[in-house]
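**Q**
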Amino acid sequence: MVDIETLMSILSKKGINKVLVEGGETVLWSFLEKRLFDEVNIFIASLNRRWPKNSYSCRRNRV
27 MVDIETLMSI
37 LSKKGINKVL
47 VEGGETVLWS
57 FLEKRLFDEV
67 NIFIASLNRR
77 WPKNSYSCRR
87 NRV
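The sequence shown begins at 27 in the working numbering and counts up one residue at a time.
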């Protein structure tokens with residue numbers, strides 16, 4: 027597991043101030059709960075236009 031706060035600090039020191047984060051609920055929530063964002067765009071895609079039962083599970087965390 028990567029310490030996200032340390033990673034973001036290292037990137038900032040290297041002059042990298044924009045990061046695209048792709049992942050599922052666990053990855054996205056780890057950034058959200060530590061407030062390591064300035065802007066959030068969440069895209070939800072589904073195969074065959076069917077929505078998995080847990081596709082809105084981030085909603086319970088009141089993003």
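Think of the CB as a built atom: it goes at the ideal place given N, C-alpha and C, for glycine as much as any other residue.
Fair warning: this is a prediction, and the values are worked out from it, not measured in the lab.
If you check the beta carbons only, do Leu37 and Val28 fall under 9 Å apart?
**A** Position 11 of the sequence shown, counting from 1, holds the residue named residue 37. Position 2 of the sequence shown, counting from 1, holds the residue named residue 28. No, Cβ-Cβ distance for Leu37 and Val28 is not below 9 Å.
**Q** Taking DSSP as the reference, what is the three-state secondary structure of Val66?
**A** Taking the sequence shown and counting its residues from 1, the one referred to as residue 66 is at position 40. Reduced to three states, the DSSP call for Val66 is coil.
**Q** Please state the DSSP three-state secondary structure of Leu54.
**A** Your numbering for residue 54 matches position 28 in the sequence shown. Helix.
**Q** Please name the residue, chosen from Leu33, Glu51 and Gly49, that lies closest to Asn43 on a Cα-to-Cα basis.
**A** The sequence position of residue 43 within the sequence shown is 17, counting from 1. Per the Cα distances, Leu33.
**Q** Terminal residues of the continuous alpha helix (DSSP H) containing Leu37?
**A** As a first step, residue 37 is located in the sequence shown; it is residue number 11 there, counting from the start. Element bounds for Leu37: Ile30 to Lys39.
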